[in-house]
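Residue numbers (our numbering), protein chains in the order written: chain A, 1 to 339; chain B, 1001 to 1328; chain C, 2001 to 2297. Read the structure below first, then the notes.
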Amino acid sequence: MSPDTSLPMVEAVGLTKTFALPATALFGKPRSVTAAVDVSFRIPRGRTFGLVGESGSGKSTVAKMLLKLEAPSAGRLLVEGKDIFAQTPAEELAYRRKVQAVFQDPYGSLSPRMRADRIITEPLRAHGVSRREAEDRVPDLLRLVGLPPESARKYPHEFSGGQRQRLAIARALSVDPQLLVLDEPVSALDVSVRAQVLTLLREMQQRLGLTYLFIGHDLAVVRYLSDTVGVMYFGRMVELGPARLVLRHPAHPYTRRLVALAAGDAPLGAVRMQGELPNPLSPPSGCLFRTRCPYADATCAARLPEMRPVGPDHLAACHHHEAVAAGTKAETGPLLQEA
Amino acid sequence: MTLPNEPLLVVRGLNIEFGPPERPVRAVADADLTLAPGEILGIAGESGSGKTTLCSAIMRTLPRSARVSGRVEFAGKELLSLSEREMARLRGRDLSMVLQNPMTSLDPLYTIGNQLEEVLRERRRGGAEVRPGGAVEVLRRVHLTAPELRVRQYPHQLSGGMRQRVLVGMATAAAPRLLIADEPTTALDASIQDEILILFRELRDTAGSAVVIVTHDLSAIRRLSDRVIIMYAGRIVEEGPTAEVFRAPRHPYTRALLGSLPRIEDEEVVLQPIPGQVPDLARLPPGCAFAARCPVALDACRTERPQESTVGERHRVFCWQAAAGGAA
Amino acid sequence: MSATAEERPAGAGGLLGARLWRSGAGRPPLLATAICLLMVVAALGGGAIAPYVPDEADFTAILVPPAWAEGGSLAHLLGTDQLGRDMLSRLIAGARISLLTAGAAVLAGGTIGVTLGLAAGYLGGVVEAVIMRIVDAFLALPFILMALAFVAALGTGVGNIILVMVLTNWARYARLVRSEVVSIKKRDFVLLARVAGLRPRQIALRHILPNALTSILVLAVLDVGRAIILESSLSFLGVGIQPPDVSWGLALAEGRTYMTVAWWLTVWPGLAIVLAVMSFNALGDWMKAGFDPRGRL
């Protein structure tokens, strides 16, 4: 049954996830923390969607939902048109073959007691492939990710960080997935190794037609792989659009700051981002960024901005994006929270 | 007491080895460096480059199994031969450090104020000239918002960036002559990283402290430091003024490293990975450790270790190609 | 049991051993290991290596001092007790009983505790709550008291003693394993195993248990010492091993009356207990140092 190619590979509609905190008082409502609110995006088949954000932005939560490691509190997540949280167990197992992941920590992603070939064949075995058949694929997979064939008999601690990530990629590719969730896959690697793994990922995508959800905090790295970029702040999507547009003509003040910081040649102190992230237990009223935004004014504290078009296929959640872009908005912010 | 023109830190012929003597791991080999008072030096390198081991040697925090030889002179004192007690006195006062992980460097059981006061007390007792004001003043100096509130809070109530600021405050309370920062911004978000780097710059500008920042984040080094040292497989391969080294790197590794950073060219993002891997420090090849991966390696590079050559104003490099005036 | 022999990660035991050796904890504590081995040999060798039958009385050689003391003889290296029984042979026999009961208790208690702890940690929810409350109950009671109560109910005898020790012991394993499981569950490779499609039982047996194994092993080794003390205490109080079987604790009790005239009746069993416990503890500590934190890959 060939997939309907007119459908996006992934479609997220209003994803929200709140976590209940353990009750601290004997009576009274248990408090909750919102990790992500109303997150929506689309990933066309064979393309990369880059999700950018800092700690507390909710990007990892989105990744976990796509991997069905967490269930959303609200909203829907459709893969190839079907709601992944309305699956039968058999459909879920099939889904687990379609979607694989590579995580950030090369030292924690591989079970220290398993040999490399066992690590690579584990997903295949979980799907009922015989041991013989699974092991036959190991040399090809190792070659695919640029590891020598004798790696198969080694244990994780015998590999360097970059090699472990390659091993993790080989394992993820072993079941011929169509979608890869990459959560900061190169952030923990050395600079030159980062380049190697990124090149590998790009090659794999071109060769195998994979769809990627790429999560990162380094804009240049995200830009390297992504076609579309979404910027998250404190659980919400604040900007969304083609990578080229978002990173060269950012509309949201947060994105603008991030891009300026990432430019690398700005002298120290030329671009400052004041303040700290707000307390997740008492988020600010109105726009969540107003406690750090230089352009914040009363409107920002009064109303939460929705995502609105700021260019072709380009959305941003800011009341004043036009004035900011034109340079006519006065810097009256930030508006700190009342204690 | 150093005269203004005398270097603050001089390292000569530093060698650090680990492991069995028959097959040692040479974590640092033949390292030389000089640091003037008030200078900001960046040491860049990847895993296995030896940069962290080098700094641990200066701070004398290496494990006992390390075999160290060479000279490390700080303000005229030979650090490697000091007793632990003398070293402890020095560490509190003239020599200070900020480490990588702000999550684990603070005791979770005591308030920020408590821990700061403890540090200040110790410094005063050691005879250091502590800058005026108590814990609140320290926090204000590192631009922590609402310092009066923070002193009563516990570490887990602060974010990573805030904690790192507290640690920088602790390390600089007595205006040390030298501050060593080991990957101070790696665990932090991009928007916070600059703020910490700015603190180091301010420390130098207001108190005249010298700063050594050890990191693999090249853009941090480029923005903060006056001079940079590039290390590879335990050796220094290039050293020079930051702007010059970044603009026109002379060592092929430096060039390759800068080339592997993703950069925007026209509409595209390009990066050039370095083929191969860092060699095993216990099995280093003869000659230049980078030769196997070097695009311009000469025959001599594989057999003879490159000697130091000067390629510019205070700019030196360890490379046969560069010594011959070779271009990329 | 879904994990067949071929599915088990290759060389888990070998990897453990290799890791210990390679770790920075250095070589194993020689004296302690030697003593432990000696005791194990004595326990297994039993009657074959003892010079005399341990409960064979010889009224011609009552209260003979050890060989090097005045009045001693080489026929009885460590002397004899009030019934002319050879102390060395009694020690060896005692080793057999003490180590076997301790070993069985640790094995059985450990297996039960680990299984329940694994279930509690991995399944969570009601299962975890119920199991952990039972664990709390068992841990709250002082073990000697509990042991005495169980003995009163079940009676003495080697089998019952082992049962008593299992009952007082299993809870510690359960608690340890559960907390290990809870932290291992969050690690990336477990998440990735879920993503790969493995079912909960496969994940628990293939990933979680082996990674908790090092802690369990350390606990078990330290536990042997504890079990020896427990058994010795019960036997000393008269509610453990009964004559004609011999255990160190029992020998201690029997020798008490003659302590002032024949020191060797109490010193040998006492020394044996102390050395055994200290040696197993030293071994356990060395294993703990070797496994963690460096072992935490």
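Just so you know, even glycine gets a beta-carbon here, dropped at the ideal spot from N, CA and C. Keep in mind it's a predicted model, so treat the numbers as computed, not measured.
Three-state secondary structure (DSSP) at residue i?
| i | result |
| --- | --- |
| residue 102 of chain A | strand |
| residue 334 of chain A | coil |
| residue 2279 of chain C | helix |
| residue 2103 of chain C | helix |
| residue 1263 of chain B | strand |
| residue 6 of chain A | coil |
| residue 2217 of chain C | helix |
| residue 2201 of chain C | helix |
| residue 1324 of chain B | coil |
| residue 2135 of chain C | helix |
| residue 2168 of chain C | helix |
| residue 289 of chain A | helix |
What is the rounded straight-line gap between the Cα of residue i and the Cα of residue j?
| i | j | result |
| --- | --- | --- |
| residue 2122 of chain C | residue 2188 of chain C | 15 Å |
| residue 2061 of chain C | residue 2250 of chain C | 21 Å |
| residue 1119 of chain B | residue 1135 of chain B | 9 Å |
| residue 1151 of chain B | residue 304 of chain A | 33 Å |
| residue 2049 of chain C | residue 2038 of chain C | 12 Å |
| residue 1175 of chain B | residue 33 of chain A | 41 Å |
| residue 2276 of chain C | residue 2093 of chain C | 14 Å |
| residue 1259 of chain B | residue 1252 of chain B | 10 Å |
| residue 2097 of chain C | residue 1028 of chain B | 57 Å |
| residue 2155 of chain C | residue 2245 of chain C | 15 Å |
| residue 55 of chain A | residue 43 of chain A | 23 Å |
| residue 2218 of chain C | residue 189 of chain A | 34 Å |
| residue 1324 of chain B | residue 206 of chain A | 42 Å |
| residue 335 of chain A | residue 284 of chain A | 10 Å |
| residue 236 of chain A | residue 53 of chain A | 10 Å |
| residue 1290 of chain B | residue 1058 of chain B | 26 Å |
| residue 1308 of chain B | residue 1301 of chain B | 13 Å |
| residue 270 of chain A | residue 1198 of chain B | 10 Å |
Please confirm whether residue i and residue j have their CB atoms less than 7 Å apart.
| i | j | result |
| --- | --- | --- |
| residue 1221 of chain B | residue 1229 of chain B | no |
| residue 172 of chain A | residue 274 of chain A | no |
| residue 1043 of chain B | residue 1214 of chain B | yes |
| residue 2240 of chain C | residue 2234 of chain C | yes |
| residue 2095 of chain C | residue 2282 of chain C | no |
| residue 73 of chain A | residue 17 of chain A | yes |
| residue 268 of chain A | residue 1223 of chain B | yes |
| residue 2197 of chain C | residue 223 of chain A | no |
| residue 1211 of chain B | residue 1261 of chain B | no |
| residue 159 of chain A | residue 233 of chain A | no |
| residue 1167 of chain B | residue 1138 of chain B | no |
| residue 75 of chain A | residue 14 of chain A | yes |
| residue 2110 of chain C | residue 2052 of chain C | no |
| residue 141 of chain A | residue 170 of chain A | yes |
| residue 212 of chain A | residue 180 of chain A | yes |
Can you pull the chain A residues whose beta carbon is under 7 Å from the beta carbon of residue i, in chain order?
| i | result |
| --- | --- |
| residue 1224 of chain B | 268 |
| residue 1162 of chain B | 276 |
| residue 2197 of chain C | 93, 96, 97, 123, 126 and 127 |
| residue 2210 of chain C | 113 |
Which chain C residues are close to residue i, counting only those with a beta carbon under 8 Å from its beta carbon?
| i | result |
| --- | --- |
| residue 366 of chain A | Only positions 1 to 339 of chain A appear in the structure, and residue 366 of chain A is not among them; the question remains open. |
| residue 201 of chain A | By Cβ distance, chain C contributes nothing, its closest Cβ being about 17 Å from residue 201 of chain A, past 8 Å. |
For residue i, go through chain B and note every residue whose CB falls closer than 7 Å to its CB, in chain order.
| i | result |
| --- | --- |
| residue 196 of chain A | 1273 |
Starting from residue i, find everything on chain B with Cβ-Cβ shorter than 9 Å and list it in chain order.
| i | result |
| --- | --- |
| residue 161 of chain A | 1047 |
| residue 141 of chain A | Residues of chain B passing the Cβ test: none, with the nearest at roughly 20 Å. |
Which residues in chain D sit within 8 Å of residue i, going by Cβ to Cβ distance?
| i | result |
| --- | --- |
| residue 1189 of chain B | The chain labelled as chain D is not found among the protein chains of the depicted structure, namely A, B and C. |
Name the chain A residues that come within less than 8 Å of residue i, Cβ to Cβ?
| i | result |
| --- | --- |
| residue 1145 of chain B | 275 and 276 |
| residue 1150 of chain B | Residues of chain A passing the Cβ test: none, with the nearest at roughly 11 Å. |
Can you list the residues of chain B that residue i reaches, using a CB-CB cut of under 8 Å?
| i | result |
| --- | --- |
| residue 36 of chain A | Simply none; closest approach about 17 Å. |
| residue 192 of chain A | 1046, 1256, 1257, 1260, 1273 and 1274 |
Going along chain A, which residues have a C-beta under 9 Å from residue i?
| i | result |
| --- | --- |
| residue 1347 of chain B | This structure gives no information on residue 1347 of chain B, because the portion of chain B shown stretches from 1001 to 1328. |
Where in the stretch 1174-1208 of chain B do unbroken runs of the beta strand (DSSP E), each at least 3 residues long, occur, reported from the N-terminal end onward? Taken in chain order, the complete beta strand (DSSP E) segments of 3 residues or longer contained in the stretch 1174-1208 of chain B are 1178-1182.
Taking only runs of the beta strand (DSSP E) that begin and end inside the stretch 1012-1089 of chain B, which ones reach a length of at least 3 residues, in chain order? Qualifying beta strand (DSSP E) stretches, in chain order: 1025-1035, 1040-1044 and 1067-1074.
Could you pull out every unbroken alpha helix (DSSP H) segment of at least 4 residues lying fully inside the stretch 15-88 of chain A, listed in chain order? Runs found: 59-66.
At which residue ranges does the stretch 1215-1244 of chain B contain complete beta strand (DSSP E) runs of 3 or more residues, listed in the order of the chain? Complete beta strand (DSSP E) runs here, min 3: 1227-1232 and 1235-1241.
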